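Data block below; observations after.
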Amino acid sequence: MCGIVGIYDKGNINAANGAYYGLVALQHRGQESAGIAINNDGIITCYKDMGYVNEVFDDKILSLLKGDMAIGHVRYSTSGASFAANAQPILIKFKNGNLAMAHNGNLVNAEALREQLEDQGMIFSTTTDSEVIAALIARNYKGDIVNAIQDTMDMVKGSYALVIMTVDKLIAVRDGYGLRPLVIGKLDDGYALASESCALDTLGAEFMRDVKPGEIIVIDKDGMKSIQSSITIPKKGCLFEYIYFARPDSIIDGISMYKARENAGKILASEQPAIADTVISVPDSGTPAAIGYANQSGIPYSVGLIKNRYVGRTFIQPTQSMRELGVKLKLNPLKGNIKGKRVVMVDDSIVRGTTSRKIVKALRDAGATEVHVRVASPPVIHSCHYGIDTPTTEELVGAINPLEKIRKYIGADSLGYLSLKGLLASVDSDGEGYCTACLNGEYPIPLDCRR
Ligand code: SF4
1099 MCGIVGIYDK GNINAANGAY YGLVALQHRG QESAGIAINN DGIITCYKDM GYVNEVFDDK
1159 ILSLLKGDMA IGHVRYSTSG ASFAANAQPI LIKFKNGNLA MAHNGNLVNA EALREQLEDQ
1219 GMIFSTTTDS EVIAALIARN YKGDIVNAIQ DTMDMVKGSY ALVIMTVDKL IAVRDGYGLR
1279 PLVIGKLDDG YALASESCAL DTLGAEFMRD VKPGEIIVID KDGMKSIQSS ITIPKKGCLF
1339 EYIYFARPDS IIDGISMYKA RENAGKILAS EQPAIADTVI SVPDSGTPAA IGYANQSGIP
1399 YSVGLIKNRY VGRTFIQPTQ SMRELGVKLK LNPLKGNIKG KRVVMVDDSI VRGTTSRKIV
1459 KALRDAGATE VHVRVASPPV IHSCHYGIDT PTTEELVGAI NPLEKIRKYI GADSLGYLSL
1519 KGLLASVDSD GEGYCTACLN GEYPIPLDCR R
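Heads up, the sequence shown is in the numbering used here, so the first residue is 1099 and it goes up one at a time.
As structure tokens, then:
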């Protein structure tokens, strides 16, 4: 889970500012590190560090990043540890050229490829799979960058949305399954690329379209060109982008995240009804589904939990004890809307179950007489290998426990999940077009190619 942006804005030497605002809009996709690479008349430089975008960059640093082409990255590590050397964009120099690259996704055969490259004498400076992609592009480069990218796409397996900047081109690449999102927008005198359309809105760029699965987009002084790679596999967009990860104001592959979540809530109300006085959400990602649930069920929606917006995600990551403390700091029940009420609490998903357990207890402490938990996705029962940081199977509460045991563990009066069929219906799918591996174990990319 990372966020990437690209800016091609001929004549505007402040492209780094555009990348900065794009990254701020994508901050929810990664909070560990942030970086921007800038192209000033063919000279590519990069500034990156650990932290939030507004911690890494200030006016002074941005004023030093002059150039009319830029790419940027915010990172949440899924491959390679969380330290500064693994921050992106990656800068790579090779015979006849150099480039910067930012990657969102995860390769399943990175280890095997890295070993092959090391056997051939390649030295890596990070532990990421992204550097493997950049190294392959460099090695495959024989004078035509698009050919080098196509050859690399034939070798790598896994999920990848890439923005690549050469001395004279900005390039976007999306893997053949379209697992990770990537969109193109039009600026007055150029183009913008971003993981999600919400970043284009922030930049004032007009949404053009999604990069298609397996497509390479090349932007240079001659305009924008599309090259479809030889990869022809069925599209498998990540369903979790729709459930949770993407911002609700984004549109991915033609589907509004808000609408998909609201639909999921409506279907959830039909599949898992409850008798209650009020429907509340676990903010923010559970809110559209809770509104959908309330509208469909006729039970009034109210705000039941107040989110402290100044508690960052990083605060609740590292250890279980810190995570549990983080929940208390992050969400506080609104007693006036809860006390004496039978509450339906709608959440987008349950992963470990520890957060739900804390919230249910907090609602009871606030005076709720009953707490009925409704989840706008099926149980997560398998780990993701394509770039989303799900825990190991042993840590997934849905993988190892029957429904009744989970209900007891989280302390709810009743518990109901949305069916996979219902979730697919919420994005207008009959089962085609989406990866559902973490929900049913059907991995679109075989995992036996990991080594
Ligand atoms: Fe998304 Fe789950 Fe597939 Fe990973 S396994 S890409 S989280 S749907």
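Using N, Cα and C, we set each Cβ at its ideal position, and we do this for glycine too. If you're wondering where the values come from, they're calculated on a predicted model, not measured in any experiment.
Look at residue 1288 here: in three-state DSSP terms it is strand. Residue list for the ligand SF4: 1336, 1337, 1338, 1482, 1484, 1486, 1533, 1535, 1536 (CB closer than 5 Å to any heavy atom, chain order).
Straight-line measurement puts the Cα of residue 1290 at about 6 Å from the Cα of residue 1106. With fewer than 16 other beta carbons inside 10 angstroms of its own, residue 1330 counts as exposed. Secondary structure note for residue 1142: its beta strand (DSSP E) is the uninterrupted segment 1141-1148.
Shown here, residue 1432 sits in coil according to DSSP, grouped into three states, outside any helix or strand.
Collapsing the DSSP output to three states places residue 1253 in a helix. Burial is judged here by how many other beta carbons sit within 10 angstroms of a residue's own beta carbon; residue 1127 has at least 16 and is buried. Looking at the DSSP output, residue 1246 bridges to nothing. The shortest CA-to-CA distance from residue 1438 to any of 1466, 1131, 1429, 1454 is the one to 1466. Taking a cut-off of 8 Å on C-beta distances, the region 1428-1436 touches the region 1397-1405, as three or more cross pairs fall below it.
Here the alpha carbons of residue 1530 and residue 1469 stand approximately 35 Å from one another.
With 16 or more other Cβ atoms inside 10 Å of its own Cβ, residue 1202 counts as buried. Burial state of residue 1102 is buried, judged by a 10 Å Cβ sphere holding 16 or more other Cβ atoms. The C-alpha of residue 1162 lies about 34 Å from the C-alpha of residue 1248. Taking C-beta separations shorter than 6 Å and ignoring five residues to either side along the sequence, the partners of residue 1208 in its chain run 1227, 1230, following chain order.
Between the alpha carbons of residue 1261 and residue 1170 lies a gap of roughly 8 Å. Within the DSSP bridge table, the entry for residue 1196 names 1191 as partners. Of 1478, 1152, 1254, 1473, the smallest CA-CA separation from residue 1386 is found for 1473. DSSP links residue 1321 through a beta bridge to 1318.
In the displayed model, residue 1450 falls within coil according to three-state DSSP, outside both helix and strand.
A check of alpha carbon separations from residue 1155 across 1115, 1337, 1167, 1192 identifies 1115 as the nearest. Straight through space, the alpha carbons of residue 1244 and residue 1365 are spaced by roughly 44 Å. The C-alpha of residue 1235 is placed about 14 Å away from the C-alpha of residue 1258. The continuous beta strand (DSSP E) containing residue 1378 extends over residues 1376-1379. In the structure shown, the three-state DSSP call for residue 1338 is helix. If you draw a 10 Å sphere on the C-beta of residue 1368, you find fewer than 16 other C-beta atoms in it, and that means exposed.
Ranked by how close their Cα comes to the Cα of residue 1266, the residues 1151, 1142, 1358 have 1142 in first place. DSSP links residue 1405 through a beta bridge to 1429. Counting only the Cα atoms, residue 1483 lies some 9 Å from residue 1543. Residue 1501 counts as exposed, since fewer than 16 other beta carbons sit within 10 angstroms of its beta carbon. Within the model, the alpha-carbon separation for residue 1491 versus residue 1522 is close to 23 Å.
Bridge pairing for residue 1513: 1471 [DSSP]. Annotated as distal: residue 1300 and residue 1185, with beta-carbon spacing of 9 Å or more.
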